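**Student:**
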Amino acid sequence: MLPRLFSFKGGVKPQTHKTPSVQEPIGLAPLPARLYVPLHQSIGGVPNPRVEVGERVLKGQVIGGADGWLSAAAHASTSGTVIAIEDHLAAHPSGLPTLTVVIEADGSDEWIARTAVDHRSLPPERVREMLRDAGVVGLGGAVFPSHAKLAAAAGVPVEELVINGAECEPYMSCDDVLMRERSDEIVRGIAIFRDLLDARRVLIGIEDNKPAAVAAMQAAVQAQGEDYQVVAVPTRYPAGGAKQLIRVLTGKEVPASKRSTELGVQCFNVGTVHSAYRALAFGEPVISRIVTLTGNLERPRNWEVRLGTPLHELLALGKPKDDTDRYLMGGPMMGFALPGLDAPVVKATNCVIAASPAMFPPSPPEMPCIRCGACAEACPHELQPFELYWFARARNFGKTQEYHIFDCIECGCCSYVCPSHIPLVQYFRFAKSEIWSRERDKKAAEAAKARFELRNAREEREQAEKAARLAKAAAARAAEKKSRPSAAEPAPVEALAAAASPALAADSVDAALVTPPAKSADQPSSAQPALDAEAVKKATIVAAMERARSQRAAAPPRNTEQLSPEQKRQLAAVDARRAALQAEEVAPVAASGASGETAKSGEQQGTAE
Amino acid sequence: MSDFTTPPYLLQERSSVRRVMMQVLLALLPGVAAYVWLIGPIIVVQLAIATLAALAGEALMLRLRQKPLGLFLSDGSAILTAWLIALSFPPLAPWWLIAVGTLFAIVVAKHLYGGLGQNPFNPAMVAFAACIVSFPALMSQWPALGLEASFLEQLRIVAGIAPRIDVMSGATPLDALKTALKLGNGTVDVPTLLATQEVFGHFAGRGWEWVAGGYLLGGLWMWQRRLISWHAPLGFIAGLSVLAAALWALDPQQFADPLFHLFSGGSLLGAFFIVTDPVSGCTTPKGKLIFGLLAGLLAYIIRVFGGFPDGIAFAVLLMNLCVPLIDMYSQPPIFGLKNEK
Chain A
38 MLPRLFSFKG
48 GVKPQTHKTP
58 SVQEPIGLAP
68 LPARLYVPLH
78 QSIGGVPNPR
88 VEVGERVLKG
98 QVIGGADGWL
108 SAAAHASTSG
118 TVIAIEDHLA
128 AHPSGLPTLT
138 VVIEADGSDE
148 WIARTAVDHR
158 SLPPERVREM
168 LRDAGVVGLG
178 GAVFPSHAKL
188 AAAAGVPVEE
198 LVINGAECEP
208 YMSCDDVLMR
218 ERSDEIVRGI
228 AIFRDLLDAR
238 RVLIGIEDNK
248 PAAVAAMQAA
258 VQAQGEDYQV
268 VAVPTRYPAG
278 GAKQLIRVLT
288 GKEVPASKRS
298 TELGVQCFNV
308 GTVHSAYRAL
318 AFGEPVISRI
328 VTLTGNLERP
338 RNWEVRLGTP
348 LHELLALGKP
358 KDDTDRYLMG
368 GPMMGFALPG
378 LDAPVVKATN
388 CVIAASPAMF
398 PPSPPEMPCI
408 RCGACAEACP
418 HELQPFELYW
428 FARARNFGKT
438 QEYHIFDCIE
448 CGCCSYVCPS
458 HIPLVQYFRF
468 AKSEIWSRER
478 DKKAAEAAKA
488 RFELRNAREE
498 REQAEKAARL
508 AKAAAARAAE
518 KKSRPSAAEP
528 APVEALAAAA
538 SPALAADSVD
548 AALVTPPAKS
558 ADQPSSAQPA
568 LDAEAVKKAT
578 IVAAMERARS
588 QRAAAPPRNT
598 EQLSPEQKRQ
608 LAAVDARRAA
618 LQAEEVAPVA
628 ASGASGETAK
638 SGEQQGTAE
Chain B
464 MSDFTTPPYL
474 LQERSSVRRV
484 MMQVLLALLP
494 GVAAYVWLIG
504 PIIVVQLAIA
514 TLAALAGEAL
524 MLRLRQKPLG
534 LFLSDGSAIL
544 TAWLIALSFP
554 PLAPWWLIAV
564 GTLFAIVVAK
574 HLYGGLGQNP
584 FNPAMVAFAA
594 CIVSFPALMS
604 QWPALGLEAS
614 FLEQLRIVAG
624 IAPRIDVMSG
634 ATPLDALKTA
644 LKLGNGTVDV
654 PTLLATQEVF
664 GHFAGRGWEW
674 VAGGYLLGGL
684 WMWQRRLISW
694 HAPLGFIAGL
704 SVLAAALWAL
714 DPQQFADPLF
724 HLFSGGSLLG
734 AFFIVTDPVS
744 GCTTPKGKLI
754 FGLLAGLLAY
764 IIRVFGGFPD
774 GIAFAVLLMN
784 LCVPLIDMYS
794 QPPIFGLKNE
804 K
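Top line first, the protein sequences correspond to chains A and B.
In the numbering used here, each number is its position in the first sequence, counted from 1, plus 37.
In the numbering used here, each number is its position in the second sequence, counted from 1, plus 463.
Now the structure itself:
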C-alpha cells in the first residue's frame, strides 16, 4: 500500500530543536491594541487600499483588494477603526517600510457577515476568485497566491497532489501542531484542491520525526474515508522544499525552468490547505496563522496570531531570556534576522526565533575555497556551488547562469557543510540580483532606443507625407495639363493615398506597389517613373512605421509598472478627472470630427477629378 | 560579504579546513609507521625538517602577502604538503634537499599562485619534479636494504657529515628492475629478477610493500570517512593496472605484473593522497575518474619507458594542466534537467 519512496541527492541533517515548542497545544495570542496589517503580504500585485482613514472596519473585512490575477486580498484581523494608512516597518530583511493599514481594535472583535460555501456547487473559476479574495496564499513561507497554482497545465492532467507537512527547517513546528490538532480540517480542505486540479492521487508527506502528526493525519484520512496516502518521509533538510518533497513522493524532478503542473504534479503546504478550508467552509478569510515562537525563551510555544500583531507583543508571550541578542523570522537555514520588533506578523511569519550567541555561536573566519566539493555533495539541486562561487566572485555572471544559478533554491546546505565557512548563498543572492538589475537596465535601454527610433520614424514620415502631398499636387497638375481624363486613372492615386494612411497593413502596400505596373498600359509614360519612386517611398515609410510599432509592442512602457498604492491612487484620480472632462467634450469633438471627415473626402474627390 | 549573523550561517557542521587537513595527516600515519619499521626513525626526522621548512616558508609568504598568520599557519595545508614531500623524497636525502624542495613547493607552487586553494599544480609534486630535474643523482639514491645503518649514522648522512657512498648504493625496486632489464638487454627476465634479487619481496619491493599497504589502509579510511571520493583513486589504480596488465599479458618476461606496479614507487601514495588533492585536481565525479585514469596511464608510461625512476609527479603535473578542460566538459546534469539535451 505504501508508495515507493524516491530520494533526492544531497541535503544535510542539522539538529532539529523542535521538541521545546511542541510541549503545549496551540495558544491563542491575545488581541493587541493596534494591528499593523501590511497590504502586500504575498507574491504578486500590491493590493489597493479599500478603506479610508477613520473608517470602521469589521473583522474579516477586505482592506486591500487583489491587484490583478497574481495577487491576494488583505483583510482586517479584528474590528475597529482605521487610524492610519501609512508606511510601516515590514518583516523583511531589507528593513524597508511598506504600506500598512493601522487598525485600532475596538475589542468587540465583530465579524463581517460570513457565508459558507460548498466548492462543489460553484464553478472552479469562482472558487479560485473566492480564494484570492480570501487572501489564501502559501503559508509555508513562500506566500505565493494559491488560486494561481490551482490550474492544470494545458494538456497535462494532474497525476499527484502533494500536501507538504514535511517541515524540515530546524526549530519550526507550526505545521506539526496544526496537523496534530486540526488534521480533520486539513483533510477536508484537501478535497477543494484535489477537485480544482482534478488530481488522481493525493500524497501527504510528513518527515518521520513527527510521528504524532503522521498518526493524526492518518486517522483523519481514515475517518473521512478518503483515499489519500499519508507518507512518512526520511528526515533530511530540505525534504520540505516543494521540489524535494515532490521528488521523494513521486520521483518527478521539477527544474527551475518549469512549473510543476507541466509534469502533472502540484504541491501545497498543510497550513495553506487549512486556511483555504476555513475560507470556503466558514467564510473566514486569512486573518491569522500559526506561528512557532521558540529559541532562547522561557516559554517556547506555537500561537495562533492575528496578522498585523506587532512582533514585540508576540515575543512578550514567550518571555525572551536576557542574553537574547537578535530575532529571526523563519528557520535558521532559510530565515532572516528581523530588522526590528515593530514589524508585524504577516502571512509569511511561520516561525520567530529568539537567538543568543550561545545558541548560534559566531562562525569561524572565512577561509579560501579549497574546491573540496562538499557543497556539491550537499546541494539538493546537484549544482556545483563552488564553481558558482568562483564565477560570482569574478563577476562572471554569464557563467553563473550557464552553471544554473537560477536553479539554486538558497536552502543553505552548501554553507552548512563548507569547511572554509564561505557564505556561499550570499554570493549567489548577489549574483542573482546583479543579473536581475542588469536585465532591468538592458530593458530600459531597449525601451529608450525604441522611443528614439519611433521619433525618428515619425519625423521621417511627416517629411515624407509633406513631400508626397507636394508630389501629388504636381502629378495632378501634370495630369490636368495632359487633359486626358480616363476612368482607370484615379486607381493608383487612390492606392497611394490609402498606403499613406497609418492604419494600413503591409499587404495593402504590396497592392500599392503592384498596382501601377498593372495599369501602366493606360498610363501616360511621363507619369510612370514619378509614381514608382513615390510608391517605393511610401512602402519604406509604412515599413518603418510597422517596425516602430512592433518595437513598441515588444518593449512595454516601464514607468507605469511597480507603482506604490499611493501612486496608483493618484493615477486613478487623474484618470477619473480626465474621463469627466472628456465626457463634457464629447459632443463638440464629434461634430468637428465629422466635419473634418467630409472636408477631407471632398478634397480627395476634388483631386481625383 | 561575510555576514554571519543571519541564516543560513547560523548552523554549521563541525568542519573546517584544519579538520580536513588533520584527518588527511592522520590517514598518512599507517604508511609512516611502516616506513619507520622499514627504514628507521630517520623518516620522522625528515618529516620534521619538511614541516619546519614549510611553516617557515608559509609564515614568510603570509607576512609578505599581509594575510593573517595564525589563521593560515594553523590550517594544516602546509604541513600536509611537507609530509607528502618527505614521504616521496629518498629517506636519506640531505636535509637541505628536503628543505629546498619544501620551500619551493610553498613559496613558488603555492603562494606565488595565490596561496591556499589557488594553486593549479600539486605543490608536493612540483617540489619533486623540480628536485629530480635539478638534483637527479641525490633524488635517485635510496638506501640499500641489506646494509643496516644505525639511526645515528643515518642522521649524520642526512646532516651531510658522513659520506653518502657506502649505504646509498641502493635504488627503488622500480628503478632496480628497470636498470636490470636494460643492462641484461634481453638476457634477463622479470620473473627471475623478482625471484632472485634481494630488493624484491613477495610481490613488489621488499618492505616497501608494507609502506604501500599503509597508504592503502589510510586511503580506505579517508574514503570511509567521506574525506575523499572513490573516483580519483580508483581511476588512477585502474589506469595504472590496465596498462600494466596489458603489457604484462603480452610479454611477461619484460614487463612486471600490475600488482608489482601498484605496490611499487609512489603508486598508492599517489592514488590516495596526490590525485585526490581537491585544489589541483578535478572536482566533478566524472572528471575525477578521468583525471585519475589518465594520471595512472601517464605514470605507467613515464616510469616504464621514461628516464626517471618513477612517473607519478610528472603524470600528476601534466594532468593538473588539463583540469579546467576536464571539469568544463564533465559537469554533471542538475536536478530536473537530467533528460535534457
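Glycine residues also receive a C-beta, built at the ideal position from the N, C-alpha and C atoms.
Every value quoted in this text rests on a predicted model; they were computed, and no experiment measured them.
1) With a threshold of 7 Å on Cβ separation, who are the neighbours of residue 766(B) within its own chain once the five nearest residues in sequence on each side are excluded?
2) Kindly indicate which residue of 396(A), 149(A) and 352(A) has the alpha-carbon position closest to the one of residue 341(A).
3) Might you give, ordered along the chain, the residues of its own chain that have their beta carbon closer than 6 Å to the beta carbon of residue 555(A), omitting 5 neighbours on each side?
4) Please determine, among 734(B), 506(B), 725(B) and 777(B), the residue with the shortest C-alpha to C-alpha distance to residue 595(B).
5) Give the list of continuous alpha helix (DSSP H) stretches no shorter than 4 residues that lie fully inside the stretch 119–199 of chain A.
6) Any beta carbon from chain B within less than 8 Å of residue 407(A)'s own beta carbon?
7) According to a CB-to-CB cut-off of less than 8 Å, which residues of the stretch 474–502 of chain B neighbour chain A?
8) List the endpoints of the continuous alpha helix (DSSP H) containing residue 535(B).
9) Using a Cβ cut-off of 8 Å, pull out every chain A residue sitting near residue 742(B), in sequence order please.
10) Please name the residue, chosen from 500(A), 443(A), 615(A) and 495(A), that lies closest to residue 586(A) on a Cα-to-Cα basis.
11) Looking at the C-beta of residue 544(B), does it have a partner C-beta in chain D at a distance below 8 Å?
12) Which of helix, strand or coil does DSSP assign to residue 304(A)?
13) For residue 428(A), which residues of its own chain have a beta-carbon under 6 Å away from its beta-carbon, when the five flanking residues on both sides are left out?
14) For residue 100(A) and residue 109(A), which I take to be in contact (beta-carbon distance under 8 Å), what is that distance rounded to the nearest angstrom?
15) I need the boundaries of the beta strand (DSSP E) containing residue 270(A), first residue and last residue.
16) Counting Cβ pairs closer than 8 Å, one from the stretch 145–159 of chain A and one from the stretch 180–187 of chain A, do we hit at least three?
17) With a threshold of 8 Å between beta carbons, is residue 795(B) in contact with chain A?
18) When the Cα atoms are used, what is the spatial distance from residue 759(B) to residue 725(B)?
19) Against chain B, does residue 44(A) count as a neighbour if the rule is that its beta carbon must be under 8 Å from one of theirs?
20) Cα separation between residue 706(B) and residue 755(B)?
21) List, in order along the chain, the chain B residues whose C-beta lies closer than 7 Å to that of residue 441(A)?
22) Using the DSSP secondary-structure output, state which residues sit across from residue 332(A) in a beta bridge.
23) Check whether the Cβ of residue 708(A) lies closer than 8 Å to any Cβ atom in chain B.
24) Can you give the Cα-Cα distance for residue 42(A) and residue 289(A), rounded to whole angstroms?
25) Does residue 360(A) pass the burial test, meaning 16 or more other C-beta atoms within 10 Å, or should it be called exposed?
26) Compute the Euclidean distance between the alpha carbons of residue 331(A) and residue 214(A), then round it to the nearest angstrom.
27) Where does residue 193(A) land, buried or exposed, given buried means 16+ other C-beta within 10 angstroms?
28) Between the C-alpha atoms of residue 416(A) and residue 47(A), what's the straight-line distance to the nearest angstrom?
29) Are the CB atoms of residue 122(A) and residue 86(A) within a distance shorter than 8 Å?
30) On the DSSP bridge list, what partners appear for residue 274(A)?
31) Identify which residue in 378(A), 204(A) and 169(A) has its Cα closest to the Cα of residue 317(A).
32) Is residue 770(B) helix, strand or coil by DSSP?
33) Which residue wins for smallest C-alpha separation from residue 185(A), given the options 609(A), 167(A) and 196(A)?
34) When you compare the CB positions of residue 384(A) and residue 344(A), do they come within less than 8 Å of one another, or not?
35) Check each residue of the stretch 71–92 of chain A: if its Cβ is closer than 7 Å to any Cβ of chain B, include it; give the result in chain order.
36) Verify the CB distance criterion: does residue 55(A) have a CB-CB separation below 8 Å to chain B?
**Tutor:** Inspection of the coordinates gives the following:
1) Cβ neighbours of residue 766(B) beyond the five flanking positions: 637, 728, 773 and 774.
2) Comparing alpha carbon positions, the residue from 396(A), 149(A) and 352(A) closest to residue 341(A) is 352(A).
3) Reliability fails at residue 555(A), whose pLDDT of 43 lies under 50, so the model's placement of it is uncertain and no value is given.
4) The shortest Cα separation from residue 595(B) among 734(B), 506(B), 725(B) and 777(B) belongs to 777(B).
5) Segments of the alpha helix (DSSP H) lying fully in the stretch 119–199 of chain A: 161–170.
6) With 8 Å as the cut-off, residue 407(A) counts as an interface residue toward chain B.
7) Cβ contacts with chain A: 474, 475, 476, 478, 479, 480, 482 and 483.
8) Taken as a continuous stretch (DSSP letters only), the alpha helix (DSSP H) holding residue 535(B) covers 532–536.
9) 407 and 408, listed in chain order.
10) The shortest C-alpha separation from residue 586(A) is found at 495(A).
11) Of the protein chains in the structure, A and B, none is chain D.
12) Note: residue 304(A) maps to strand in three-state DSSP.
13) Within the same chain, and ignoring the five residues on either side of residue 428(A) in sequence, the residues whose Cβ sits closer than 6 Å to its Cβ are 436 and 437.
14) Wrong, their Cβ atoms sit about 13 Å apart, outside the cutoff.
15) Per DSSP, the continuous beta strand (DSSP E) segment holding residue 270(A) begins and ends at 266–270.
16) No, the stretch 145–159 of chain A is not in contact with the stretch 180–187 of chain A.
17) Against chain A, the CB of residue 795(B) has a partner CB under 8 Å away; the residue lies at that interface.
18) About 10 Å.
19) Interface annotation, residue 44(A): not in contact with chain B, CB-CB separation never under 8 Å.
20) About 13 Å.
21) Per Cβ cutoff of 7 Å: 797.
22) DSSP, once it has assigned bridges, lists 391(A) as partnering residue 332(A).
23) Residue coverage of chain A in this structure runs from 38 to 646, which leaves residue 708(A) outside it and unanswerable.
24) Cα to Cα, the separation comes out at about 11 Å.
25) Exposure of residue 360(A) is indicated by the presence of fewer than 16 other C-beta atoms within 10 angstroms of its C-beta.
26) Approximately 14 Å between the Cα atoms of the pair.
27) Exposed is the call here.
28) Each residue's Cα considered, the two are about 5 Å apart.
29) Taking 8 Å as the cut-off, the beta carbon of residue 86(A) is found closer than this to the beta carbon of residue 122(A).
30) 49(A).
31) It is 169(A) whose Cα lies nearest to the Cα of residue 317(A).
32) Coil at residue 770(B), not helix or strand.
33) With distances taken between Cα atoms, residue 185(A) lies closest to 167(A).
34) Taking a C-beta distance under 8 Å as the contact criterion, residue 384(A) and residue 344(A) qualify as a contact pair.
35) Within the stretch 71–92 of chain A, no residue has its Cβ closer than 7 Å to any Cβ of chain B.
36) Nearest CB-CB separation between residue 55(A) and chain B: not below the 8 Å threshold.
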